[in-house]
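The working numbering numbers the first residue of the sequence shown as 7 and each following residue consecutively.
Backbone N, C-alpha and C fix where the C-beta goes; we use that ideal spot for every residue, glycine too.
Only a predicted model underlies this, so the values are computations on that prediction, with no experimental measurement involved.
First up is the structure itself, then whatever we jot down about it.
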Amino acid sequence: MTAGVRSDSRKRGVSAGFTLIEALAAFAIVAVLSLVVQRGVVQSRAGLVAVEDRLAAERVARSLLAEPLRVSDIGRGGRTGTLDGYRYTILLAALELPLPEAERDAEGGCQQSAGSCDPASPAPRIRWTPMRQDIEVLTRRGTAVTVETIRLGQTASADGGGR
């Protein structure tokens, strides 16, 4: 009877627990999976940084687009600078589109029907010219965010007036 108990305990002892090979295999699998997860986390972080950089550059481009056109920029054909740590370039080029002049009377004054025109004002004529505006903002990674649009800019009129 005692012998039977011993043989049962030996069989249970052999089947209980893990062998060294099983433990090493499990450790190798965990190590490989942790490397894969780590690589995924690093790539996700790099992607997030790139997206945040691009969004910040787009915010700079939108804020530059919201600014009114400066007469000095129109004369020079644009400007370059830095805003919020991002380098930008604004290019302006006149488009040759036929636009009507503001309605004036025989003396060169404004007519009452010309909405924003003040007939009592001796101000010189301002000519509005359609301008192609290209805004390019460089991200910190070196890629460019580009916005192209057409805006109206003030230029001197044909008779020498203007601002």
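Residue i bridges to which residues according to DSSP?
i    : result
D140 : L97, E154
R133 : T161
Could you check which residue in the options has the C-alpha nearest to that of residue i?
i    : options              : result
L144 : R65, D79, G159       : R65
I96  : L71, E102, L103, T25 : L71
L89  : Q44, E73, A56        : E73
Y94  : V38, V77, G148, V36  : G148
Which residues in the same chain as residue i place their Cβ atom closer than 6 Å to its Cβ, once the five residues preceding and following it in sequence are excluded?
i    : result
G23  : none
R146 : D59
R67  : Looking at the sequence provided, one finds Ala at residue 67 rather than Arg. Correct list, in chain order: I141, V143, V151, V153.
Q139 : L98, T155, R157
G159 : L75, I80, T135, M137
Y92  : A63, V66, V143
My understanding is that residue i touches residue j, with C-beta atoms under 8 Å, so please give their C-beta distance in whole angstroms.
i   : j   : result
G83 : L98 : 6 Å
Residues in the same chain with beta-carbon distance under 7 Å from residue i, minus the five sequence neighbours each way, listed in chain order, please.
i    : result
T161 : I80, R133, T135, G168
Starting from residue i, trace the beta strand (DSSP E) in both directions and tell me its first and last residue.
i    : result
L202 : Not covered by the structure: residue 202. The range shown for the chain is 7 to 169.
Would you kindly report the start and end of the unbroken alpha helix (DSSP H) that includes residue i?
i   : result
A52 : 26 to 72
Just to confirm my understanding: we take residue i, look at its own chain, exclude 5 residues before and 5 after, and list those with CB closer than 8 Å. What are they?
i    : result
S171 : This structure gives no information on residue 171, because the portion of the chain shown stretches from 7 to 169.
Counting only C-beta atoms, is residue i closer than 9 Å to chain D at any point?
i   : result
R60 : Within the model displayed, chain D is absent; a lone protein chain is all it includes.
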